[in-house]
Structure formats: C-alpha cells, structure tokens
Amino acid sequence: MKLVKRLIAAFEERTGLISALKNVALHPVPPDTGWSYVFGSAALLALIIQVVTGTALAMGYVSAAGDAYQALQFITNDAFMGSFLRGLHFFGASAMVLLVGAHMTQVFLMGCYKYPRELNWITGVILLVLVVALGFTGQLLRWDQTAVWAVVVAAQQAGRIPLIGSALARFILGGKTLGAQTLSRFFAFHVFFIPALLFAFVGLHLLLVLHDGISEPPVPGERVDPKTYRERYRKLLEERGVPFWPDAAWRDVVFGFAVVVAIAALALIVGPPRLGAPPNPSLLAKDPAPDWYLLWYYAALALVPNELSSAFIVLAPLLGILIVLLVPPIWNTGERHPRNRPWAVAATIMVWLTVGALWIEGIRAPWSPRFEAKPLPSSVVGASNGPIFRGAALFHDKGCEFCHEISGYGGQRGPDLTTVGDRLTPNEITIRILNGGYNMPSFAGILKPEELDDIVAFLESRTAHPSATSFGSARLTKAH
Ligand code: HEC
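For the sequence shown, the positions run 52 to 531 when the working numbering is used.
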C-alpha cells in the first residue's frame, strides 16, 4: 500500500498529471447550466465508441477490392459479435452526426459562440465537416453496390468543378477509374488521415473550452461586451461557480449513459445496414442512396434542375460552410438569449425545416434507384424457364429493376414497364437498352447479345393481357 502511494506520488511529482486532471474535474463552472449543455460531451463519447468499434472492425477488415466484400460478410455473419460491432459503429456514427447537430443548434440558439468563444465555433464547424467526411468515407468501406455508387457519383461531381475538377476526381478515386486503389485510399482516409485531423481539432476544441470556460446560461437583456465580459464571467465564477464535477457533469454522465444504451439497443435490435449486392461495374445506375445523414443533400442534388446541379453541388456546400463559419463570429457581441434574437431562431428553424423536408423527399426518393429490389416473383414473370424466365432474372441482376417498376416491384426512377410490351416493339426496346437515354445508362457492351435477347423477350411479354403473355412466350420460345 505504501509502495503504491509512493509510486503515485513519484509519478505526480514528475508529470503533474494527477493534479492537472483534478483541476479539470473540479474547475468552477457557471451554475444552472442545465440539460441543454449535455450534447457536446455526448458527441465526444460517441467519438470514443467509434474509435473503439472502428479499431475492432479494422482487425477483421481487408481493404482490398477483391476481398472487402467477403471480409464484411465474414464480420457480419461469422465473426464473434461482428454484426453487433458493425451495428455499434453505424449507430455510433449516426449518433455523432445527430449530437453534433444538436450541440451546434444549442450553441447557436443560446449565443454561446459569442466573444470570447468564436474560435470554439470555428473549430466546431471544422469538426462537423470532418465527421461528415468520416461518414462518407466509411460508407464506401462496405464496398457494396450502393457504397461504390455513392463514390462514383461524388467523383463525377467533383470532376465538374472548373480548373481543379479532374485532378480532384482523380484524387478521390486514386486514379482514373474506381478500383482497388480507391478502396485503399478511402480506407487510409477513414482510419488515419481524417481521424488524425479530428483528434487534433477535438483537442483544440476542448482546450478552448477549458481556456474560456463554459458559457453561462444566457439572461435576457444581458449583452456580451468584449470589454467587460471576462471580468463579469470571473466574478460570476467566484461568487456562484460550482465545481464541474459533480455539480455540472452529472447530467453529462446520465445523458451519455442513455446515448450508449440507445446505440447498443439499436445495434442489437435493428442491426447494421444490410450489405447490398457486391459491386459490379456493369450494373449501372445513376444515383446513389447514401446513409441517412447525407440523404437530404443527395435529395437536394436530385431536385435542382440538371443545368444548375454542377454549380449547386460545388457551390452550395462551400457557401453553406462559409456562412456557418463566418456569421457567428461576425455577430459576436450583444444579446445572447434566444428570446431577443428572433432572426437567429428563425434561421435555425428554417435550416432544420429545409433539411427535414429534403430528408423526407430523400426517403421517398422516387428518383433514386431502389437497390434493394427483390427479383420478380414467378407469379409476375409467368414462366419458369426459357428466355422470358432468364430475361426476368437478368432484369433484376443487371439492375434494370433498380429503376423500373414491373407489376409493383422495383424502383421508380424510370418509366413503369408493366405493360411495355403494348407500348414498344422489340426493336424499340432493344434500341433503348443499348443507347440508354436521359437518366438511363447505355447497356451496349455490358449485356451479351443473348442476354439482350432474353431481356427483350421478357419485356415484350409485359402486356396488359395475360393471354398475350403466354402467346408471346410461346412465340419467342419457338423463335429461339
Ligand atoms: C439508372 C436507372 C435506370 C436503369 C438502371 C435502367 N433504366 Fe431503363 N430507363 C430509365 C429512364 C430514366 C428511362 C426513360 C428514358 C428517357 O426518357 O429517355 C428509361 C427507359 C427505358 C425504356 C423505355 C420505356 C418507355 O416506356 O419508353 C426501356 C424499355 C428500358 N428503360 C429498359 C431498361 C432495361 C432493360 C434496363 C436494364 C438492362 C434498364 N432499362 C435499366 C432508367 C433506367
């Protein structure tokens, strides 16, 4: 016992770490900070969950294009608690995005970003960007159809930026086309580069929190004036300050615990995102379906007119980030209480309503391919062998069904093909498939001739009258 005490004392004498930690834990903070102050620490907790689960996942992961999909299947289906781990990592990421959003909203509404905490806001915005970048790069590591697609589109969009576009696209893909090197690159970004930046900025962010102190709850009518603020804050702490631990931090602990329980429960009950089909460059579709926290942005992309969209893709996020970065530091004095800042409240509500509306639109997403479309049931196909049968299978396997609905199955990006046999001749169908069209990729060179024939036979059998179907099938079977 004595030895332990002496060791601790020796450690403390050489590092000063113990007293430093004690000082942090016990430093005085303003009284009555309340429950709205818990989001920042919870976001930090979610980050810690991400680091732990991410490290564990990395041990089973293979960042090689040929093996990544199998590795994920293995982690999900066979590895010890692998599915739970993936669930934790996915919902941890979701929690982080939500908590960072809640934290920013609270800080903005209560004017906590005002003097002297402008730099906290700026480092916070950088952290938000890094968190979203982590989500985006992480999604590709699933290396399934959807994930790969999201990156192809991102690279295409980046390629449209004037001057630096093609260099940027090449940087994202790690070459001219998507391939093995893309996955390695995203892996390196996801586990080394972005986390390193994130840790640095989290450190800076926390350092600033300690340096300037937690903002006191706003009081209507009390204005922030850089000349008097520090003095007033010092007085407040001296007269009414409470130790951070436990008087203020107990709420962080309770809320953090609830967040962890919620993440674990979702990981157990809902589980990780299902893996889609393995990536297949011959399965072309035009829009990605990103994870939910980016869905609203892709919805915005899909809704702006085509001519505008390249400008929009590049300029809108840049402008958005710039506004978020600059507006608060510019209005860094004056009233803090939301009751006396109607514009700040209105702007916050507007932003959230817009994101919410786009998000709902993104979920409905009639314009985005439905990657999870199941093969058509035999009751719809109406044949159990022959070209119609094979064509129906190809219709699913080649990704047509992502965009086209038949008898209520499939996506709605392209026209419904339930009765396409009445509308188009085999020749017209063939031309459309080979050439593609507005928002339909060209399949020339992707389908083998006999595959094309089967698909056309299948589509030609899609008519309003079932009898015609069997007639068509008989005729086509004979023709082959
Ligand atoms: C990325 C989504 C997408 C995929 C994948 C896709 N299509 Fe299309 N398809 C469309 C769109 C959009 C149109 C409408 C094109 C136009 O108006 O020029 C269309 C049009 C068509 C038409 C003409 C329909 C009509 O009523 O005029 C046919 C036939 C067709 N597609 C068949 C296929 C087949 C077969 C496949 C698979 C080999 C396929 N499509 C894959 C989006 C897609």
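Ideal Cβ placement from N, Cα and C applies to all residues, glycine included.
Check: residue i C-beta below 7 Å from any heavy atom of ligand 1
| i | result |
| --- | --- |
| V431 | no |
| G254 | no |
| M491 | yes |
| K449 | yes |
| G465 | yes |
| R474 | yes |
| L468 | yes |
| V203 | no |
| I484 | yes |
| I381 | no |
| G488 | yes |
| L191 | no |
| V453 | In the sequence under discussion, the amino acid at residue 453 is Phe, which differs from the Val named in the question. Yes. |
| L510 | yes |
| I480 | yes |
| A506 | It should be noted that the sequence gives Ile, not Ala, for residue 506. Correct: I506 has its Cβ closer than 7 Å to ligand 1. |
| F446 | yes |
| F494 | yes |
| V199 | no |
| V180 | no |
Contact check, residue i vs residue j, beta carbons under 8 Å
| i | j | result |
| --- | --- | --- |
| A350 | W403 | no |
| A495 | P438 | no |
| R441 | D505 | yes |
| L510 | I482 | no |
| A434 | Y460 | no |
| F187 | L354 | no |
| G105 | H78 | no |
| L373 | H256 | no |
| Y280 | G264 | no |
| V375 | L261 | no |
| F295 | V80 | yes |
| L234 | A107 | no |
| A318 | G138 | yes |
| V203 | L229 | yes |
| P379 | Y164 | yes |
| A109 | V242 | yes |
| L503 | S493 | no |
| W343 | S87 | no |
Distance between beta carbons of residue j and residue i, contact taken as under 8 Å
| i | j | result |
| --- | --- | --- |
| P277 | T399 | Not a contact, Cβ separation roughly 24 Å. |
| A206 | A220 | 5 Å |
| E456 | T469 | 7 Å |
| A299 | T84 | 5 Å |
| G272 | W347 | So it is not a contact: roughly 37 Å between Cβ atoms. |
| G162 | R415 | In fact, because the Cβ distance is near 36 Å, the residues do not count as touching under 8 Å. |
Close-in-space but distant-in-sequence residues of the same chain around residue i (CB under 7 Å, 5 per side omitted)
| i | result |
| --- | --- |
| V89 | R302, D303, F306 |
| D473 | T514, A515 |
| K53 | none |
| K56 | none |
| A341 | The sequence shown places Pro at residue 341, rather than the Ala named in the question. Once the five neighbours on either side are set aside, the close Cβ partners of P341 are Q190, A201, Y349. |
| G143 | A97, I100, Q101, T104, I314 |
| G216 | A209, G210 |
| P426 | A444, H447 |
| N436 | none |
| P477 | V507, E511 |
| S429 | S435 |
Neighbourhood of residue i by C-beta distance below 6 Å, restricted to the same chain and skipping five residues each side
| i | result |
| --- | --- |
| A198 | Q190, L191 |
| A231 | A116 |
| A397 | none |
| I59 | none |
| R274 | G385, E386 |
| V293 | P82 |
| C454 | P420, G462, R464, G465 |
| V471 | L510, R513 |
| G225 | Q232, T233, R236 |
| I245 | L181, A184, L185 |
| F135 | A318 |
| G254 | none |
Cβ neighbours of residue i in the same chain (closer than 8 Å, five flanking residues each side left out)
| i | result |
| --- | --- |
| F522 | Annotation note: pLDDT 44 at F522 (below 50); position unreliable, coordinate value reported separately. Here the set comprises nothing. |
| L259 | R168, L170, N171, T174 |
How about the stretch 376-391 and the stretch 259-272: do they share at least three Cβ pairs that are nearer than 8 Å? yes
Evaluate contact between the stretch 232-249 and the stretch 57-72, counting only Cβ atoms and requiring at least three cross-stretch pairs below 8 Å. no
Any contact between the stretch 183-196 and the stretch 212-221? By contact I mean 3 or more CB pairs, one from each, below 8 Å. no
Is the stretch 150-158 in contact with the stretch 278-293, if contact means three or more CB pairs nearer than 8 Å? no
Are the stretch 365-381 and the stretch 127-141 touching, with three or more C-beta to C-beta distances below 8 Å? no
Are the stretch 175-182 and the stretch 219-236 in contact at 8 Å, needing three or more beta carbon pairs? no
Assess contact between the stretch 92-106 and the stretch 145-153, defined as three or more Cβ pairs (one per stretch) separated by less than 8 Å. Is contact present? yes
So, does the stretch 171-180 touch the stretch 317-325, judging by three or more C-beta pairs under 8 Å? no
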